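> What follows is a single structure, and I will ask about it in a moment.
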Amino acid sequence: MPTTPLRVDHRELLGASVVEPQGILDAASYGGLRNDLVKVAIDEPRAVIVDLDELDVPDSTALSLFSSVSTQIAQWPGVPLLVSTTRGALRTQLDRYRLARFVPVYPSVMDAIAAIDDPPPRRIARRQLPNSLTSAAMARRFVLDVCSDWPIATRVEDAVMVANELVENTLLHTYCAPSLRLELRRGLLTVAVYDDDPAMALLIEPDTERNRGLVLVAGMCRAWGCAPAPSGGKVVWAVLSV
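Take 583 as the starting number for the sequence shown in my numbering and just add one per residue.
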């Protein structure tokens, strides 16, 4: 039997993004909703609030989507995920699944808005790079210059290396001009590289010592990931503890 596509709307409310999925959350729609939530978070709202009033969840195990996304976007871009519903039956389902152990659950969107903490202080620097063999060197210099002005006592060399690998990975596997973003918050330094190619980055063994790619990044960072960007491309990010 064909499934009804899940429709996902979202709106801005007091600095938060309110996501309103409408339809059935099941195996067919799970991945699409996950991507939509991550895309919304990448725009860095105060929080992502999922209004579940128009969502049906026949199998409660699908609710794991929200705890999974919450964990991911808390690492980067550091945005909290909250859910709300005014429906008593759905709230009972959430209670039985014990979703609130992982994601805050509120009786309305406005209650969720009221519960949002102020975002942590953060420093952000961006640099658009050309699709050129010089981009990696430009990225290394940019990271050194930025980190010299930020209160980072350690991991500067690691941040330079991560930026170099992510930019080289973009140049090696796409025809895009990479965009580099650095962010410092709560003792965490994030290096993120955006490009216009929607193909997700994969962790594979390097074929040469020079092209170490994501294997090196994964080994030296607290966390890393790849997510679809709102522009239609992707962002590959890595978090270093400083």
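For each residue, glycine too, the CB sits at the ideal point set by N, CA and C. For clarity, every value in this text was computed on a predicted model and none was experimentally measured.
Which runs of the alpha helix (DSSP H), 4 residues or longer, sit entirely within the region 663–746?
670–679, 691–697 and 717–731
> Does the count of Cβ pairs from the region 703–717 and the region 664–679 closer than 8 Å reach three?
Cβ pair count under 8 Å is below three, so no.
> Going by DSSP, what residue range makes up the beta strand (DSSP E) through residue 633?
Taking the first residue of the sequence shown as position 1, residue 633 is located at position 51. DSSP places residue 633 inside the beta strand (DSSP E), whose first and last residues are 630–633.
> Kindly list the residues whose CB is nearer than 8 Å to the CB of residue 620, restricted to its own chain and excluding five residues on each side of it in sequence; keep chain order.
For the purposes of this step, residue 620 is taken as residue 38 along the sequence shown, with counting starting at 1. 651, 654, 655, 809 and 810.
> Measuring alpha carbon to alpha carbon, tell me which of 711, 642, 672 and 661 ends up nearest residue 704.
Against the sequence shown, residue 704 aligns to sequence position 122. If we check each option's Cα against that of residue 704, 661 comes out closest.
> Mind checking which residues open and close the beta strand (DSSP E) that includes residue 821?
Stepping through the sequence shown from its first residue, residue 821 is reached at position 239. Looking at the DSSP string, the run of the beta strand (DSSP E) that includes residue 821 is 816–823.
> Which value, in whole angstroms, describes the spacing of the CA atoms of residue 741 and residue 731?
Translated into the one-based positions of the sequence shown, residue 741 becomes position 159. Translated into the one-based positions of the sequence shown, residue 731 becomes position 149. The alpha-carbon atoms of residue 741 and residue 731 are separated by roughly 14 Å.
> With DSSP collapsed to three states, give me the class of residue 590.
Start at 1 with the first residue of the sequence shown, and residue 590 comes out as number 8. If DSSP states are grouped into helix, strand and coil, residue 590 belongs with the strands.
> Please report how far the alpha carbon of residue 629 lies from the alpha carbon of residue 616, in whole angstroms.
Position 47 of the sequence shown, counted from the start, is the residue given in the question as residue 629. Position 34 of the sequence shown, counted from the start, is the residue given in the question as residue 616. C-alpha separation (whole angstroms): 16 Å.
> On the three-state DSSP scale, how would you describe residue 757?
Locating residue 757 in the sequence shown gives position 175, counting from the first residue. In the structure shown, residue 757 sits in coil (DSSP, three-state: anything other than H, G, I, E or B).
> Does DSSP put residue 779 in a helix, a strand or coil?
For the purposes of this step, residue 779 is taken as residue 197 along the sequence shown, with counting starting at 1. Residue 779 falls in the coil class under three-state DSSP.
> Can you tell which of 770, 746 and 819 has the C-alpha that lies nearest to the C-alpha of residue 784?
One-based indexing of the sequence shown puts residue 784 at position 202. For the residues 770, 746 and 819, the minimum Cα distance to residue 784 belongs to 819.
> Closer than 8 Å by C-beta to residue 642: which residues in its own chain qualify, once you throw out the five before and the five after it? Chain order, please.
Position 60 of the sequence shown, counting from 1, holds the residue named residue 642. Around residue 642: 675, 678 and 679.
> How about the region 682–698 and the region 718–729: do they share at least three Cβ pairs that are nearer than 8 Å?
no
> Is the separation between the beta-carbon of residue 667 and that of residue 638 shorter than 8 Å?
Your numbering for residue 667 matches position 85 in the sequence shown. Your numbering for residue 638 matches position 56 in the sequence shown. No; because the gap between Cβ atoms is not below 8 Å, this pair is not in contact.
> Would residue 631 and residue 725 qualify as a contact pair, given that the criterion is a beta-carbon distance under 8 Å?
In the sequence shown, counting from the first residue as 1, residue 631 sits at position 49. In the sequence shown, counting from the first residue as 1, residue 725 sits at position 143. Not in contact: residue 631 and residue 725 (Cβ atoms no closer than 8 Å).
> For the beta strand (DSSP E) containing residue 809, name the first residue and the last one.
Reading the sequence shown from its first residue, position 227 is the one you call residue 809. First-last of the beta strand (DSSP E) with residue 809: 805–810.
> Which term fits residue 603, buried or exposed, when burial requires 16 or more other beta carbons within 10 angstroms of its beta carbon?
Residue 603 sits at position 21 when you count from the first residue of the sequence shown. By the 10 Å Cβ count, residue 603 comes out buried.
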